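Residue numbers (the UniProt record's numbering), protein chains in the order written: chain S, 1 to 376; chain C, 1 to 376. To keep things clear, I will list the structure first and then write my remarks on it.
Number of protein chains: 2
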Amino acid sequence: MYDLLKTEERAKRGRFQTVHGTIETPVFMNVATVAAIKGAVSAQDLQQIETQVALANTYHLHLRPNDKLIKELGGLHKFMVWDKPILTDSGGFQVFSLAHRRKIKEEGVYFSSHIDGSKIFMGPEESMQIQSNLGSTIAMAFDECPPAMADKEYIIPSVERTTRWLKRCIEEINKLNSLETTINNKQMLFGINQGGVIPAIRIEHAKVIREFDLPGYSIGGLAVGETHEEMYNILEEVIPHLPKNKPTYLMGVGTPENILEAVDRGIDFFDCVLPARNGRHGHVYTNNGKLNLFNKKHEKDMDPISKECCCPTCQRYSKAYIRHLLKAKEMLGMRLCVIHNLYYFNNLMTEIRVALDNNEFKSYKKKRLKSYKNLN
Amino acid sequence: MYDLLKTEERAKRGRFQTVHGTIETPVFMNVATVAAIKGAVSAQDLQQIETQVALANTYHLHLRPNDKLIKELGGLHKFMVWDKPILTDSGGFQVFSLAHRRKIKEEGVYFSSHIDGSKIFMGPEESMQIQSNLGSTIAMAFDECPPAMADKEYIIPSVERTTRWLKRCIEEINKLNSLETTINNKQMLFGINQGGVIPAIRIEHAKVIREFDLPGYSIGGLAVGETHEEMYNILEEVIPHLPKNKPTYLMGVGTPENILEAVDRGIDFFDCVLPARNGRHGHVYTNNGKLNLFNKKHEKDMDPISKECCCPTCQRYSKAYIRHLLKAKEMLGMRLCVIHNLYYFNNLMTEIRVALDNNEFKSYKKKRLKSYKNLN
Chain S
1 MYDLLKTEER
11 AKRGRFQTVH
21 GTIETPVFMN
31 VATVAAIKGA
41 VSAQDLQQIE
51 TQVALANTYH
61 LHLRPNDKLI
71 KELGGLHKFM
81 VWDKPILTDS
91 GGFQVFSLAH
101 RRKIKEEGVY
111 FSSHIDGSKI
121 FMGPEESMQI
131 QSNLGSTIAM
141 AFDECPPAMA
151 DKEYIIPSVE
161 RTTRWLKRCI
171 EEINKLNSLE
181 TTINNKQMLF
191 GINQGGVIPA
201 IRIEHAKVIR
211 EFDLPGYSIG
221 GLAVGETHEE
231 MYNILEEVIP
241 HLPKNKPTYL
251 MGVGTPENIL
261 EAVDRGIDFF
271 DCVLPARNGR
281 HGHVYTNNGK
291 LNLFNKKHEK
301 DMDPISKECC
311 CPTCQRYSKA
321 YIRHLLKAKE
331 MLGMRLCVIH
341 NLYYFNNLMT
351 EIRVALDNNE
361 FKSYKKKRLK
371 SYKNLN
Chain C
1 MYDLLKTEER
11 AKRGRFQTVH
21 GTIETPVFMN
31 VATVAAIKGA
41 VSAQDLQQIE
51 TQVALANTYH
61 LHLRPNDKLI
71 KELGGLHKFM
81 VWDKPILTDS
91 GGFQVFSLAH
101 RRKIKEEGVY
111 FSSHIDGSKI
121 FMGPEESMQI
131 QSNLGSTIAM
141 AFDECPPAMA
151 DKEYIIPSVE
161 RTTRWLKRCI
171 EEINKLNSLE
181 TTINNKQMLF
191 GINQGGVIPA
201 IRIEHAKVIR
211 EFDLPGYSIG
221 GLAVGETHEE
231 MYNILEEVIP
241 HLPKNKPTYL
251 MGVGTPENIL
261 EAVDRGIDFF
271 DCVLPARNGR
281 HGHVYTNNGK
291 LNLFNKKHEK
301 DMDPISKECC
311 CPTCQRYSKA
321 YIRHLLKAKE
331 MLGMRLCVIH
341 NLYYFNNLMT
351 EIRVALDNNE
361 FKSYKKKRLK
371 SYKNLN
């Protein structure tokens, strides 16, 4: 399903076939937390900004409106009116970052909903059932995401449990995919590599999970507090131990700089809330660094955020207008910034793919990293 | 500039030529308070929902970002990227409803900004200057909007002052339109009829202001607390005393029922915040009455808000999805509802115009008023 089209040293240019269409990699997935992009952006808008994959959150959708309802209504694709690939996370990360009164046991995690405090249990089987109900293209394995900088004594048993959970996820998804009532019985499962910032544990875990021959592998538990250098170091150590002919996914990353560095180390898939979150705060991306549109210097600036940008926002609206909207707390200001930022990330990935196609990734990366320092 | 194409008893079907294009009447103007529709709706969105005229608020834009800035940037059309007609109100209504520590004098009104408390003066000349700076298609005269149900003793001197203010508005707009630096020197001025719910005062005032031979006349000071019957009665009394060959504008009105009744009494122009405000609260219009999308009965309803609606929301999204977005407090839910509601009002006006074209307005009105009672 994954064709490795080109490589430039460790950087990979791939093509991943799914039941919901082809994904050209490297790719940045756009985060539609509760089946909508924050900032009043719809699936229809995503079609206009080169989005290839939407990412939806299992934990959030389980709590509201509930995955069983979504299944009854025909699945997430039909619900949010999006026919391209959707990746769902496992819920694990949110259980560990959002939920209250959390207790980790061998069978799974007991916790309270951050919305209404109701008691919930989620283990590997429950996560797979929820993701199957949603009918996503790619499901993620249920794992524990240990705290940033956890020590060996914490991480070793945690990773071992994550491996046992992965086995249960595989059994459960195979069972679910064989049922007639399953919405997407071609749903794929990606395994997740853990191990904190300890290379030996990461490598050992990668060797274990690659044996399951899953359709893809992700690297989780990074971008949670460690330095960029530690993250890049882990990528360098662990990626050679994951299959080259399968997509690799760096979860929750990151800045344009992070993406360029991670592609260079062999990553195919990315996701991050940063472009949408920054957009809602009037921080917008350009090839010359991030701009804060609240800054007074944009007050009379009738140029678009970026003259070289082809996004729907830059095709029509000026910095002066968007700044006014943001200052007047008009939702439209947020929407225009989020659309620009998502397009910026999607287009960055297009440029990366073109550079890889032309064997020019290294020089493209160098040029782009340099341009980000020309703060305007 | 105004062609009266057809009449059906007092109902008028008109065509109004402006420097920014033709307005087919009766028309519902879409309220873009601070140069944006509340609910993350852009001028570009308005183009897709049959909007003919955008209405912007002088008071709000004077306070933020300031009309002088907008003039410096080329005017409101360029600022918000909308090339069709824009009507600006005079600021008077907001001065009387939003501003603090208000003092009315012969020269104008002293008040404090509701944003930062700064002291501001606005009189007829200032209102015209601000509207000229904005460069709107149609400017409104600066008037006093007396409190609902004010008595004769209050209203008579108030209306007399409004007439004196109108003369000053006319002098000022003529002066401004003759300046080379004026953005739109074809800016038109509409006069405003006042007089509370006292027919004799309303009629007397209408006779006075029609003598100024302005391009259009509006009826202000209604929909501020009086009953619908009182409002309809005033329309019946006063409209025969306004020129039939000029557009008439009923300010701040209203519900679909109000619009049908007012068209029947000779009104051409309408504006109201209701469809956008209701949309933001999940209340949506249909031919069978308003729906509250928060209602649990819509939880599993995969039908659009209205199967007969051609708006961008109904073409794609279900009640179940929009309800989920609203409950999850996703801005997208509000946006989808506002777009639907504005389209509903715009399309209602299209249907009214078609009915008038076919001499079927009376039966159309009857059918529509009946259908609104079929609450679903």
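Note that the Cβ used here is the ideal one computed from N, Cα and C, for glycine as well. Note that the coordinates shown come from a computational prediction; the quantities given were computed from them, not determined experimentally.
For residue i and residue j, what's the separation of their Cα atoms in angstroms?
i, j, result
"residue 113 of chain C", "residue 102 of chain C", "10 Å"
"residue 378 of chain C", "residue 284 of chain C", "This structure does not reach residue 378 of chain C, given that chain C is present from 1 up to 376, and the question cannot be answered."
"residue 308 of chain C", "residue 302 of chain C", "15 Å"
"residue 162 of chain S", "residue 143 of chain S", "5 Å"
"residue 253 of chain C", "residue 223 of chain C", "7 Å"
"residue 306 of chain C", "residue 120 of chain C", "46 Å"
"residue 110 of chain C", "residue 87 of chain C", "24 Å"
"residue 72 of chain C", "residue 261 of chain C", "42 Å"
"residue 205 of chain C", "residue 190 of chain C", "14 Å"
"residue 158 of chain C", "residue 165 of chain C", "10 Å"
"residue 270 of chain S", "residue 312 of chain C", "31 Å"
"residue 256 of chain C", "residue 348 of chain C", "8 Å"
"residue 33 of chain S", "residue 55 of chain S", "7 Å"
Given a threshold of 16 other Cβ atoms within 10 Å of its Cβ, counted over all protein chains shown, does residue i qualify as buried or as exposed?
i, result
"residue 48 of chain C", "exposed"
"residue 318 of chain C", "buried"
"residue 149 of chain S", "exposed"
"residue 363 of chain C", "exposed"
"residue 294 of chain S", "exposed"
"residue 310 of chain S", "exposed"
Comparing the C-beta of residue i with each C-beta of chain S, is any distance below 9 Å?
i, result
"residue 284 of chain C", "no"
"residue 136 of chain C", "no"
"residue 78 of chain C", "yes"
"residue 333 of chain C", "yes"
"residue 69 of chain C", "yes"
"residue 318 of chain C", "yes"
"residue 343 of chain C", "no"
"residue 64 of chain C", "yes"
"residue 340 of chain C", "no"
What distance in whole Å lies between the Cβ atoms of residue j and residue i, which are believed to be in contact at a cut-off of 8 Å?
i, j, result
"residue 24 of chain C", "residue 15 of chain C", "6 Å"
"residue 94 of chain C", "residue 139 of chain C", "Actually they do not touch by this definition, with Cβ atoms about 15 Å apart."
"residue 35 of chain C", "residue 76 of chain C", "6 Å"
"residue 58 of chain S", "residue 131 of chain S", "6 Å"
"residue 125 of chain S", "residue 172 of chain S", "5 Å"
"residue 69 of chain C", "residue 300 of chain S", "7 Å"
"residue 232 of chain C", "residue 202 of chain C", "Their Cβ separation, rounded to whole angstroms, is 13 Å, which puts residue 232 of chain C and residue 202 of chain C out of contact at 8 Å."
"residue 328 of chain S", "residue 40 of chain C", "About 13 Å; that fails the 8 Å criterion."
Given a cut-off of 9 Å, decide if residue j and residue i are closer than it, judged by their beta-carbon atoms.
i, j, result
"residue 12 of chain S", "residue 244 of chain S", "yes"
"residue 288 of chain S", "residue 218 of chain S", "no"
"residue 263 of chain S", "residue 38 of chain S", "no"
"residue 127 of chain C", "residue 184 of chain C", "no"
"residue 246 of chain S", "residue 214 of chain S", "yes"
"residue 198 of chain S", "residue 239 of chain S", "no"
"residue 91 of chain S", "residue 107 of chain S", "no"
"residue 65 of chain C", "residue 353 of chain C", "no"
"residue 192 of chain C", "residue 209 of chain C", "yes"
"residue 145 of chain C", "residue 178 of chain C", "no"
"residue 259 of chain C", "residue 28 of chain C", "yes"
"residue 100 of chain C", "residue 117 of chain C", "yes"
"residue 326 of chain C", "residue 333 of chain C", "yes"
"residue 216 of chain C", "residue 249 of chain C", "yes"
"residue 406 of chain S", "residue 335 of chain C", "Not covered by the structure: residue 406 of chain S. The range shown for chain S is 1 to 376."
"residue 85 of chain C", "residue 52 of chain C", "yes"
"residue 46 of chain S", "residue 82 of chain S", "yes"
If we define contact as Cβ-Cβ less than 9 Å, is residue i a contact residue for chain C?
i, result
"residue 379 of chain S", "Missing from the structure shown is residue 379 of chain S; chain S here goes from 1 to 376 and no further."
"residue 147 of chain S", "no"
"residue 74 of chain S", "yes"
"residue 60 of chain S", "yes"
"residue 34 of chain S", "yes"
"residue 17 of chain S", "no"
"residue 44 of chain S", "yes"
"residue 336 of chain S", "yes"
"residue 243 of chain S", "no"
"residue 41 of chain S", "yes"
Any C-beta of chain A sitting closer than 9 Å to the C-beta of residue i?
i, result
"residue 207 of chain C", "As a matter of chain content, chain A is missing from the structure shown, whose protein chains are S and C."
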